[in-house]
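Residue numbers for the sequence shown follow my numbering, beginning at 9 and rising by one.
The structure appears below as structure tokens.
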Amino acid sequence: MTDEQGGDMPDGSVEALTYEQARDELAAVVAGLESGGLSLEESLALWERGEALAQRCQAWLDAARVRVTDEEGE
């Protein structure tokens with residue numbers, strides 16, 4: 009996988025990705041899976057990456073929700 013600057017992500021970690029980077033890569037993963045033509049192993053690896061990206065996006069959204077809720081409470 010590559011990051012937004014076109015460099016390889018050394019460990020495949022999603023932890024350093026911004027919400028937008030994770031969302032965009034997740035969209036690319038979905039498109040890759042929908043296009044077909046991948047081996048079972050490639051499809052599974054892509055699906056696992058998609059799951060990690062979806063969890064990262066959810067973590068960003070959860071954190072944003074907490075911030076908004078905290079601001080409303082002040």
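Glycine residues also receive a C-beta, built at the ideal position from the N, C-alpha and C atoms.
Predicted model only: the values in this text are computed from it and were never measured.
Inter-residue spacing [alpha-carbon to alpha-carbon] between residue i and residue j
{"i": "Trp68", "j": "Tyr27", "result": "6 Å"}
{"i": "Leu48", "j": "Gln63", "result": "22 Å"}
{"i": "Ala72", "j": "Ala30", "result": "15 Å"}
{"i": "Thr77", "j": "Gly45", "result": "44 Å"}
{"i": "Glu82", "j": "Arg75", "result": "11 Å"}
{"i": "Gln66", "j": "Ala35", "result": "14 Å"}
Where residue i sits in the DSSP three-state scheme
{"i": "Pro18", "result": "With a pLDDT of 43 at Pro18, under the threshold of 50, the modelled position of this residue cannot be trusted; read the value that follows with caution. DSSP places Pro18 in coil when its eight states are reduced to three."}
{"i": "Thr26", "result": "coil"}
{"i": "Glu82", "result": "coil"}
Top-ranked residue by Cα proximity to residue i, from the options
{"i": "Leu54", "options": "Asp78, Gln63 and Gly40", "result": "Gly40"}
{"i": "Glu23", "options": "Glu59, Val37, Leu46 and Val76", "result": "Glu59"}
{"i": "Val37", "options": "Glu56, Leu25 and Gly81", "result": "Glu56"}
Limits of the alpha helix (DSSP H) - the one that residue i falls within
{"i": "Asp47", "result": "According to the sequence provided, residue 47 is Ser. The question's Asp does not apply to it. Neither: Ser47 is in no alpha helix (DSSP H) and is coded neither H nor E."}
Check whether residue i and residue j have beta carbons under 8 Å apart
{"i": "Glu33", "j": "Leu52", "result": "no"}
Residue i beta carbon near the ligand FMN (any heavy atom closer than 7 Å)
{"i": "Ala72", "result": "The ligand FMN is absent from the structure shown, which contains no ligands of any kind."}
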